[in-house]
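*Asks:* This is the structure I want to talk about, given as structure tokens.
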Amino acid sequence: MILKMMMPGVPVDLRILVMLLLDTLPMLGNVLLLCFFVFFIFGIIGVQLWAGLLRNRCFLDLPPNVSAAG
Numbered sequence: 000m001i002l003k004m005m006m007p008g009v010p011v012d013l014r015i016l017v018m019l020l021l022d023t024l025p026m027l028g029n030v031l032l033l034c035f036f037v038f039f040i041f042g043i044i045g046v047q048l049w050a051g052l053l054r055n056r057c058f059l060d061l062p063p064n065v066s067a068a069g
């Protein structure tokens, strides 16, 4: 009965679906927090493992007869 008063003119199935989605937001927040934590930890591990290995690796090595100007 409360659902009919909250959203008039919307089919009942859609109302139920929207209410279920709104009810699951706290649980989705927990999942997102866990995902953030995992990505953060793997990011720290990746930075520590690859620290300095790619330093000064981005340069254009052209043959002597080719100019970089165009």
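Numbering that gives the first Met the number 0 puts the first residue of the sequence shown at 0, with every later residue one more than the last.
Here a beta-carbon is modelled for each residue, glycine too, at the ideal position from N, C-alpha and C.
Rounded to a whole number of angstroms, what is the C-alpha to C-alpha distance between asparagine 64 and glycine 45?
*Replies:* Cα-Cα distance, rounded: 39 Å.
*Asks:* Comparing the C-beta of phenylalanine 36 with each C-beta of chain B, is any distance below 8 Å?
*Replies:* Absent from the structure: chain B. Only one protein chain is present.
*Asks:* Just the Cα atoms here: how many angstroms apart are asparagine 12 and cysteine 57?
*Replies:* Sequence inspection shows aspartate at residue 12; the asparagine mentioned does not correspond to that position. About 56 Å.
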